[in-house]
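Take a look at the structure:
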């Protein structure tokens with residue numbers, strides 16, 4: 001991670017090798033989705049740097065890591081009830097915002113929820129897609145054990 005030059009905020013930098021990367025289409029999809037919406041509970045790209053060999057994606061830094069790691073650090077592998085409710089409200093608010101903009105995340109799981117200053121952020125839009133009320137989404141692009 002590092003510090004954003006203009007905002008002076010801590011950021012995470014995702015470096016992606018372009019050559020031979022089979023995930024470029026998924027990355028392009030993620031970038032397309034994140035450009036279209038903003039919300040305080042979505043972890044969206046701040047900046048994209050494109051070089052001949054690499055893509056650098058600048059994201060907000062989540063100081064506490066992902067929810068799965070936070071849970072593993074808890075004594076009983078669970079959050080105190082009040083904190084769990086706060087995280088739940090944050091996640092629902094972020095996902096509701098996506099749905100209001102006809103975006104389905106399709107890979108929501110503890111590893112895909114980041115925690116920063118006791119606020120839950122929904123990142124990772126690689127499996128996301130646009131939907132219409134009459135369109136049935138097919139396939140299983142996300143993590144099967146978390147599919148609903």
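In the UniProt record's numbering, the protein residues as written are 1 to 148. All residues carry an ideal CB built from backbone N, CA and C; glycine is no exception.
Per DSSP, residue 62 lies in no alpha helix (DSSP H) segment and is marked neither H nor E.
Put simply, the stretch 15-29 does not touch the stretch 88-102. Fewer than three CB pairs are less than 8 Å apart.
Taking 8 Å as the upper bound for CB-CB distance, residue 128 and residue 58 are not in contact here, some 19 Å apart. Residue 117 sits exposed, since fewer than 16 C-beta atoms from the chains shown fall within 10 Å of its C-beta. The C-beta of residue 92 has fewer than 16 other C-beta atoms within 10 Å across all chains shown, which makes the residue exposed. Membership of residue 90 in the alpha helix (DSSP H) is indicated by the continuous run 81-100. In this structure, DSSP gives residue 128 a state outside helix and strand, which the three-state scheme calls coil.
Taking C-beta atoms under 8 Å as the contact rule, residue 3 and residue 11 qualify, at a distance of about 7 Å. Cβ contact annotation for residue 24 (same chain, cutoff 6 Å, sequence separation greater than five): none.
DSSP links residue 12 through a beta bridge to 59.
Cβ contact annotation for residue 120 (same chain, cutoff 6 Å, sequence separation greater than five): 87, 90, 91 and 113, in chain order. Within the DSSP bridge table, the entry for residue 33 names no partner.
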